[in-house]
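Student:
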Amino acid sequence: MNHTNSPTTWIRPEILQLTAYQVPDPGNAIKLDAMENPYHWDPPVIEQWLQVMKTATINRYPDPSARAVKQQLRTVMQVPETMGMILGNGSDELIQMLALTFNGNRRLLLAPEPSFAMYRLIAQMVGMQYVGVPLTTEDFQLDIFALLEAIDTHQPALIFLAYPNNPTGNAFGTADIETILEIAPGIVVIDEAYAPFSDHSFMSRLEDYPNLLLLRTVSKLGLAGLRLGLLIGAETWLAHIEKTRLPYNINMLTQLSAVFALQHYDMLIRQTQQIKTDREQLLQHLQQLPNVKVWPSQANFILFRVKDAKRTFEGLKQRGILIKNLHGSHPLLNNCLRVTVGTPVENQAFLETLVQVIGM
Ligand SMILES: *Cc1c(COP(=O)(O)O)cnc(C)c1O
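Numbered as in this note's numbering, the sequence shown ends at 360 without a single skipped number.
#1: In chain order, what residues have a CB nearer than 5 Å to some heavy atom of ligand 1?
#2: How would you label residue 164, buried or exposed, when you count the other beta carbons within 10 angstroms and need 16 or more for buried?
#3: Skipping 5 residues on each side, what residues in its chain have a beta carbon closer than 7 Å to that of residue 226?
#4: My output table needs one value for residue 13: the three-state DSSP class, helix, strand or coil.
#5: May I ask you to list the residues that DSSP assigns as paired with residue 339?
#6: When you compare the CB positions of residue 33 and residue 321, do they come within less than 7 Å of one another, or not?
#7: Under the assumption that residue 228 contacts residue 189 (Cβ atoms under 8 Å), give the Cβ distance between them as a whole number of angstroms.
#8: So, at 8 Å on beta carbons, what are the nonlocal neighbours of residue 351 in its own chain, with the 5 sequence-adjacent residues on each side left out?
#9: What residue range does the alpha helix (DSSP H) around residue 99 cover?
#10: Could you spell out where the alpha helix (DSSP H) holding residue 52 opens and where it closes?
#11: Quick check on the burial criterion: 16 or more other C-beta atoms within 10 angstroms. Buried or exposed for residue 209?
#12: Residue 206 to residue 151, Cα distance in whole Å?
#13: What does DSSP give as the partner residues of residue 111 in its beta bridges?
#14: If you check the beta carbons only, do residue 36 and residue 224 fall under 7 Å apart?
#15: To the nearest angstrom, how far is the alpha carbon of residue 123 from that of residue 43?
#16: Measuring CB to CB, does residue 133 end up less than 7 Å from residue 146?
#17: Tell me the residue span of the alpha helix (DSSP H) that contains residue 262.
#18: Near residue 272, what residues of its chain come up, given a Cβ to Cβ distance below 8 Å and the 5 sequence neighbours on each side ignored?
#19: Please state if the CB of residue 160 and the CB of residue 111 are separated by a distance shorter than 7 Å.
#20: Go to residue 85, then tell me how far its beta strand (DSSP E) extends in each direction, as first and last residue.
#21: Do residue 213 and residue 187 count as a contact pair if the criterion is CB distance below 7 Å?
#22: Report yes if the C-beta distance between residue 126 and residue 100 is below 7 Å; otherwise report no.
#23: Keeping to the same chain, check which residues put their C-beta closer than 6 Å to that of residue 267; ignore five residues upstream and five downstream.
#24: In this structure, what does DSSP give as the bridge partners for residue 216?
#25: Distance, Cα to Cα, residue 250 vs residue 91?
#26: Between the beta-carbon of residue 191 and the beta-carbon of residue 142, is there less than 7 Å?
#27: Can you tell me whether residue 191 is helix, strand or coil according to DSSP?
#28: Give the DSSP bridge partners of residue 160, in chain order.
Pasting the structure below:
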């Protein structure tokens, strides 16, 4: 290979600089790192699902517009009839479609930080400028004055607000979000991945703000394996974003499984209710531990700070419990860890092991 055909000559500089998204191998560990719902379905339900799977004509392409899935998502998520919908292979793909649609000469994506890592990663991937605006220290609210100034300076094409926010678990103040919606020159995307665990949503406010788009996913609801997310908003915007969607992006097995699973929506809601109850239990127990600072959560995970996050993370991992170490990801998250709410048994194992590890 001579120097003209080496990767560094031809790979885009922004890609050369990126690190591929890392997912740790859980091995046999109790997996509390990725905000998964820990519950599968009862055996009879799995049996019914497999009967449906038998009908899959996988020699054919799937329905390109996934009509049956969309119709059911509209019903269970109470999507206003006037609003359009685009499905993605996870909401990650929809974030990428948004970045592809709005990217261009000096176009910019803005998000508060710390927040969902994919906003920055996808902006960098497509070569879009990115600006992160720090949240307030300790309570992780929107720093509205810093945001107004950043929006004025950078005129972002896209603003992403995770609501509730990952990894902090809180829902930002409604009035602050309304202010941003009113002054944003471009689009505001409210990412409601954790809607199943939260009392807050902007779904009913879509009509009020023509520059608002809403992201939802079935991942945190209990269907992470399907890879299915949805973007909701006015057709005037969605008609253009749709042009960046690759044909048949929602595969046939996902379409059939989602329709089936959403027919059992009450079962998924029971699971999320259980997770919400267990979240409060876990929160209370964590609050009682000395030298642990815990933040309340509207999601299915809890953020907490210890004296030495790396040592705590490694100690838990060695004892078979995988959580997420956030130390080093953002200055506001020094010595912070994030634990996903699991089953009561898993949560208990986590708590007991945590006590062992930090008591050392
Ligand atoms: C988990 C998560 C997503 C990703 O959802 P997928 O549909 O699984 O791609 C999106 N946004 C936020 C804030 C998340 O935490």
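Glycine is no exception: its CB is placed at the ideal position from the N, C-alpha and C atoms. Model, not experiment: these values are computed from the prediction.
Tutor: Based on what the coordinates show:
#1: 90, 91, 92, 116, 162, 166, 191, 193, 217, 219, 229
#2: buried
#3: 218, 254, 257, 258
#4: helix
#5: 302
#6: Remark: C-beta atoms of residue 33 and residue 321 do not approach each other more closely than 7 Å.
#7: About 18 Å separates the two Cβ atoms, so there is no contact after all.
#8: Counting only Cβ-Cβ distances below 8 Å, and skipping sequence neighbours, we find 282, 285, 286.
#9: 91-102
#10: 43-53
#11: buried
#12: If you draw a straight line from the Cα of residue 206 to the Cα of residue 151, it is about 21 Å long.
#13: 132
#14: yes
#15: 42 Å
#16: yes
#17: It spans 252-263 - the alpha helix (DSSP H) in which residue 262 sits, taken as one unbroken run.
#18: 37, 196, 197, 221, 222, 300
#19: Going by C-beta atoms, residue 111 is nearer than 7 Å to residue 160.
#20: 84-88
#21: yes
#22: yes
#23: none
#24: Partner(s): 230.
#25: 12 Å
#26: Not in contact: residue 191 and residue 142 (Cβ atoms no closer than 7 Å).
#27: strand
#28: The partner list for residue 160 (beta bridge, DSSP) reads 189.
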